[in-house]
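Those letters in the sequence shown? Residues 413 to 674, by our numbering.
Just so it is clear, CB atoms sit at the ideal spot from N, CA and C, and this is done for glycine as well.
Small disclaimer: the values here were computed from a predicted structure and weren't measured.
The block underneath contains the structure these notes are about, expressed in structure tokens.
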Amino acid sequence: METLLSNDGTRLAYARAGAGPSLVLVHGSNLDHTSWDAVLPALQTRWSVYALDRRGRGRSGDSSAYAIEREFEDVAALVNAVPGPVVLVGHSFGGICALGAALLTRNVDKLIVYEPPLTPMESFGPVDIIPRLEALAREGRLAETLETFLRDIGGADEATVQHLKAQPQWNALVASAHTLAREGRVVAEAWRSLARYAEVRVPTLLMYGELSPPYCAQVARNLQGVLPRSHITVLPGQGHFAMNEAPERFVRELLAFTGGLE
């Protein structure tokens, strides 16, 4: 993987593949750049793909003090470091980061966000979930932190949790579980600041899955009311991880939006 420095000196890692115009991918909570592996083979035939490890996970560094503005700067730093213009894609919490980065750089040509959680925390789970995650992480109980997140926010049942624990990436997910509570704190407040994104003037595609929770559709509508050059696409039969579960359809929507369909 290659690296670059963000504004605050944090070293960020990213994977690069393919050749063509630049496409930057920003993953969601408790994931890393490998969350895009299912769509990467198709994307790299059209673009030079840059998949970021967000700070605090994968091979990227972290800082002692956290603020969402640092994540905005991280994404903008990568966007500014690669040849422009750039297509910027963010999934889930990475969608919030991508929206914020688009305010900081002129190197973004098109923006695509999939289900950014810009909604009150009560939409996800119990109101006490963030303090519980913080307490578990503070005590070093990272595996339990992750399991609590998966059950209480992700809606995972016991069979799903056990399946994930048997996967080779489980240890990496546990290692980054300390980031879950801090991102939850951001989500709890970020929905109040939608108006800031009115300054994002680039064409923007707002995507969500037909099977995702109802708040995803409402978030897309709320953002469409703010972003001056946006439109909404719904992926039939899909949930929160469409890029993994329907990679061909996900890529087809990206190509249609960016003018890459033949």
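Buried or exposed by the 16-neighbour rule on C-beta atoms within 10 Å, applied to residue i
i, result
"residue 417", "exposed"
"residue 419", "exposed"
"residue 590", "buried"
"residue 569", "exposed"
"residue 674", "Confidence in residue 674 is poor, its pLDDT being 47 and thus under 50, which makes the residue's placement too unreliable to answer from."
"residue 479", "exposed"
"residue 637", "exposed"
"residue 559", "buried"
"residue 572", "exposed"
"residue 366", "Residue 366 lies beyond the stretch modelled for the chain, which goes from 413 to 674, so this question has no answer here."
"residue 676", "This structure does not reach residue 676, given that the chain is present from 413 up to 674, and the question cannot be answered."
"residue 566", "buried"
"residue 669", "buried"
Whether residue i touches residue j by CB criterion (8 angstroms)
i, j, result
"residue 430", "residue 460", "yes"
"residue 491", "residue 539", "no"
"residue 470", "residue 445", "yes"
"residue 606", "residue 530", "yes"
"residue 629", "residue 647", "no"
"residue 545", "residue 593", "yes"
"residue 506", "residue 438", "yes"
"residue 426", "residue 455", "no"
"residue 520", "residue 498", "yes"
"residue 466", "residue 432", "no"
"residue 548", "residue 556", "yes"
"residue 474", "residue 422", "yes"
"residue 448", "residue 532", "no"
"residue 640", "residue 613", "yes"
For residue i, the first and last residue of its enclosing beta strand (DSSP E)
i, result
"residue 572", "Looking at the DSSP string, residue 572 is not in any beta strand (DSSP E); the run it does join, the alpha helix (DSSP H), is 570 to 577."
"residue 527", "From DSSP, residue 527 is part of no beta strand (DSSP E); its letter is neither H nor E."
"residue 645", "642 to 647"
"residue 465", "460 to 465"
"residue 414", "414 to 417"
"residue 616", "616 to 621"
"residue 612", "Residue 612 -> no beta strand (DSSP E), and no H or E assigned at all."
"residue 435", "434 to 438"
Residue i, enclosing alpha helix (DSSP H) - first and last residue
i, result
"residue 550", "541 to 550"
"residue 482", "480 to 493"
"residue 429", "Here residue 429 belongs to no alpha helix (DSSP H); instead the beta strand (DSSP E) covers 423 to 429."
"residue 606", "Where residue 606 is concerned, there is no enclosing alpha helix (DSSP H), given that its DSSP letter is neither H nor E."
"residue 507", "505 to 514"
"residue 455", "452 to 455"
"residue 635", "626 to 636"
"residue 564", "554 to 564"
"residue 659", "659 to 670"
"residue 583", "582 to 587"
Beta-carbon separation (whole angstroms), residue i vs residue j, contact threshold 8 angstroms
i, j, result
"residue 504", "residue 527", "6 angstroms"
"residue 642", "residue 618", "6 angstroms"
"residue 586", "residue 554", "5 angstroms"
"residue 510", "residue 500", "5 angstroms"
"residue 596", "residue 541", "7 angstroms"
"residue 443", "residue 486", "No, residue 443 and residue 486 are not in contact; Cβ-Cβ is about 15 angstroms, not under 8 angstroms."
"residue 450", "residue 656", "5 angstroms"
"residue 654", "residue 621", "5 angstroms"
"residue 535", "residue 627", "4 angstroms"
Residue i Cβ short of 7 angstroms to the ligand NAD heavy atom set
i, result
"residue 624", "The ligand content of the structure shown is nil, which means the ligand NAD is not present either."
Inset, instruction - Evaluate contact between the region 509 to 517 and the region 604 to 619, counting only Cβ atoms and requiring at least three cross-stretch pairs below 8 angstroms. - result: yes
Inset, instruction - Determine contact between the region 636 to 652 and the region 660 to 669, defined as no fewer than three beta-carbon pairs at a distance below 8 angstroms. - result: yes
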